[in-house]
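> This is the structure I want to talk about, given as structure tokens.
Numbering (UniProt numbering), first residue to last: 1 to 607.
Here it is as structure tokens:
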């Protein structure tokens, strides 16, 4: 006999028979009670049964069965019944193979344990475990690991279960909804998905790293589409009427919100689909054909309107959904270099040195501003304030109400881009002199200059500047900490700046710039230094656009690149354009590019 056999040797058969006969010897009456049939034989010993009194004393304590049900055997709890049924069939099959006397003994052991109260059950189990060898203990471990699991979502109160589900990501929540009816009810609860939307929409979730587009004007698009459909039905001729002002749609949108409330899961699903398509590069292309010369500027406002300006001296207004040309505006005597619009007006700047303000719904030119000596390269506006940058190296600030104009001088070459930051009441201007200047719109003074080799600035003409603030941590080129000497120089430089303005909490935290040196740079506003340079284009970058999550760039190399704003990594490169990319515009689910040959393409990620 081996050592293992000696260690795992079972109790002597005679001893086991004696124990069984002394402890569970049954008379005919008790056998009939338990089995329901008369299994007595002449060979059975005439011992008095001790099972019947035990069962009789404890079964009467179980009158209120429902209160005594444990979690596993409670009929109100949906446990894994299939596995129980399978296991019972296996046990029954093995039981049928045993002799009759063994069946009776095993059955009565089960009956005693089933009728025993909790304390007695624990005592019986402890005694059985003390008699088990390692093979039996291994079997117990395997079986218990399957049976010890509990459906905590169904057992816990709904409030706690919902709190737990809020820690799951989107994919896990969808998987949880497939577990059972109860799980689906909780996983689809509006409170869970509202929390998901708050964690992801217009911001990046710190846990999963996903952020979803805002898409705040989705319902306004639908409203405008319905109104335009009604307007076009009553319009004669080939010229289509433009959509009404968004203010006209507000009552309908409010009434729609009252009558029908969208589930938060549907809101999340819509935005998740768009973000997934952005990440995977799944899109459809729409083309807008009509310009006779190169497209110089474009803007897409998420509200079903696209406007483009061209060397052919025209501005064209397009319906994004249908791709139809709604209106062509003429008035500039040379190419339209820049444009900006909102839901009321359109402002354009031309190479004819003029700035025009349009009512683009009627096609009427409201006013024309003259003052620049060379072509107007860039315009921007906020409320009653218009700013313009020109090839005459100046920036002009036009106050519409007071009819005054201030000229800001400082750049030594063309001013290629101007951007107003309304919160801080500042203006940023980019120039072909490879610098960006920050101006105070109250005093018209230059507050700071960004550029220079000492600040790792551009070595080519800067074509775009975008001020922005981001709460999430941004990955920079300088992961290591600054040395004491560098930190001291930075502090001295900061003290020499105009602290009262630069410490304004409303100022943007960073700047993005694009240059003809083929790079895109990220600047820290406080230090005035470039903290990240993004390489990838092989020719000059003409235009960039950015939102909370990404940057889109178009360059002379005929490529469009999509970058992650937080990390600076290139996510996608879109080739196939037949000409250099001169301008780009970005929306929540789409971006537009204009090309030197007059083509306009829209990449749609919500299809």
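All C-beta atoms in this analysis are idealised placements derived from N, C-alpha and C, irrespective of residue type, glycine included.
Return the bridge partner residues of residue 467 from the DSSP annotation.
Against the chain shown, residue 467 aligns to sequence position 467. For residue 467, which the question treats as bridged, DSSP gives the partners 511.
> In terms of alpha-carbon separation, which member of 463, 462, 464 and 456 lies closest to residue 477?
Position 477 of the chain shown holds residue 477. Of 463, 462, 464 and 456, the residue nearest in Cα terms is 456.
> Would residue 567 and residue 202 qualify as a contact pair, given that the criterion is a beta-carbon distance under 8 Å?
Stepping through the chain shown from its first residue, residue 567 is reached at position 567. Stepping through the chain shown from its first residue, residue 202 is reached at position 202. No. Outside cutoff.
> Tell me which residue opens and which closes the beta strand (DSSP E) that residue 333 is part of.
Taking the first residue of the chain shown as position 1, residue 333 is located at position 333. Unbroken run through residue 333: none, as it is neither H nor E.
> Kindly indicate which three-state DSSP category residue 107 falls into: helix, strand or coil?
Within the chain shown, the letter at position 107 stands for residue 107. Correct three-state label for residue 107: helix.
> Taking the beta carbon of residue 130 as the centre, do at least 16 other beta carbons fall within 10 Å, making it buried, or is it exposed?
Within the chain shown, residue 130 is the residue found at index 130, counting from 1. Per the 10 Å Cβ criterion, exposed.
> Check residue 406 in the structure and name its three-state DSSP category.
Numbered from its first residue, the chain shown carries residue 406 at position 406. Three-state result, residue 406: strand.
> Among the residues of its own chain, which have a CB less than 8 Å from the CB of residue 363, if the five just before and after it don't count?
Within the chain shown, the letter at position 363 stands for residue 363. Closer than 8 Å at the Cβ level, and outside the excluded window around residue 363, lie 327 and 329.
> Just the C-alpha distance for residue 348 and residue 381, rounded to the nearest angstrom, thanks.
Here residue 348 corresponds to residue number 348 of the chain shown, with the count starting at 1. Here residue 381 corresponds to residue number 381 of the chain shown, with the count starting at 1. The straight-line gap from Cα to Cα measures roughly 11 Å.
> Are residue 436 and residue 462 touching if we call contact CB-CB under 8 Å?
Working through the chain shown from its first residue, we reach residue 436 at position 436. Working through the chain shown from its first residue, we reach residue 462 at position 462. In contact: residue 436 and residue 462 (Cβ atoms closer than 8 Å).
> Applying the 10 Å Cβ sphere with the 16-neighbour rule, what's the burial state of residue 36?
As a working note, residue 36 is residue 36 in the chain shown. With a pLDDT of only 39 at residue 36, under the threshold of 50, the placement of this residue in the model should not be trusted, and no figure is reported.
> Answer with buried or exposed for residue 354, where buried requires no fewer than 16 other C-beta atoms within 10 angstroms of its C-beta.
Residue 354 sits at position 354 when you count from the first residue of the chain shown. Counting Cβ neighbours within 10 Å, residue 354 comes out buried, since at least 16 surround it.
> Exposed or buried, residue 512, counting other C-beta atoms within 10 Å across all chains shown (16 or more means buried)?
The sequence position of residue 512 within the chain shown is 512, counting from 1. Buried is the call here.
> Where do the N-terminal and C-terminal ends of the beta strand (DSSP E) with residue 520 fall, by residue?
Taking the first residue of the chain shown as 1, we reach residue 520 at position 520. Counting along the chain, the beta strand (DSSP E) containing residue 520 begins and ends at 520-524.
> Compare the C-alpha of residue 324 against each of 374, 356, 301 and 287 and name the closest.
Mapped onto the chain shown, residue 324 falls at position 324. Considering only alpha carbons, the answer is 287.
> Which residue marks the beginning of the alpha helix (DSSP H) containing residue 171, and which one marks its end?
As a position in the chain shown, residue 171 is number 171, starting the count at 1. Taken as a continuous stretch (DSSP letters only), the alpha helix (DSSP H) holding residue 171 covers 170-176.
> Smallest Cα separation from residue 410: which of 192, 395, 310 and 423?
By 1-based counting over the chain shown, the position of residue 410 is 410. Nearest option by C-alpha distance: 395.
> For residue 393, I'd like the list of residues in its chain whose CB is within less than 7 Å of its CB, leaving aside the five on either flank, ordered along the chain.
On the chain shown, residue 393 is found 393 positions in, with the first residue counted as 1. Cβ within range, chain order: 411, 412, 413, 414 and 415.
> Note down the Cα distance separating residue 269 from residue 298, rounded to an integer number of angstroms.
As a position in the chain shown, residue 269 is number 269, starting the count at 1. As a position in the chain shown, residue 298 is number 298, starting the count at 1. Whole-angstrom Cα-Cα distance: 30 Å.
> With distance defined between alpha-carbon atoms, name the residue in 417, 282, 152 and 105 nearest to residue 605.
Position 605 of the chain shown, counted from the first residue, corresponds to residue 605. For residue 605, the nearest C-alpha among the options comes from 282.
> In chain order, what residues of the same chain have a beta carbon less than 7 Å from the beta carbon of residue 66, not counting five sequence neighbours either side?
By one-based count along the chain shown, residue 66 stands at place 66. The predicted position of residue 66 is uncertain, since its pLDDT is 45 and thus under 50; a value taken from the coordinates is nonetheless stated next. No residues qualify anywhere along the chain.
> Taking the continuous beta strand (DSSP E) assigned at residue 366, which residues delimit it?
As a first step, residue 366 must be located in the chain shown, where it is residue number 366. That run of the beta strand (DSSP E) goes 364-370.
> Name the one or two DSSP bridge partners that residue 572 has.
Mapped onto the chain shown, residue 572 falls at position 572. According to DSSP, which records beta bridges pairwise, residue 572 is partnered with 562.
> Where does residue 442 fall in DSSP's three states?
Taking the chain shown and counting its residues from 1, the one referred to as residue 442 is at position 442. Residue state, collapsed to three classes: coil.
> If I measure Cβ to Cβ from residue 610 and keep anything under 6 Å in the same chain, skipping five residues before and after, which residues do I get?
Nothing about residue 610 can be read from this structure; the chain reaches only from 1 to 607.
> According to the Cβ coordinates, are residue 592 and residue 300 closer than 8 Å?
On the chain shown, position 592 is the one that residue 592 refers to. On the chain shown, position 300 is the one that residue 300 refers to. In this structure, residue 300 lies closer than 8 Å to residue 592 by Cβ.
> Rounded to whole angstroms, how far is the Cβ of residue 375 from the Cβ of residue 337, which I believe are closer than 8 Å?
As a working mapping, residue 375 is identified with position 375 in the chain shown. As a working mapping, residue 337 is identified with position 337 in the chain shown. Contact flag correct, Cβ pair sits at about 6 Å.
> Pick out whichever of 208, 198 and 206 has its Cα sitting closest to the Cα of residue 214.
By 1-based counting over the chain shown, the position of residue 214 is 214. Of 208, 198 and 206, the residue nearest in Cα terms is 198.
> Excluding the 5 residues flanking residue 450 on each side, which residues of the same chain have their C-beta closer than 6 Å to its C-beta?
The residue you call residue 450 lines up with position 450 of the chain shown. The answer, listed in chain order, is 436, 523 and 528.
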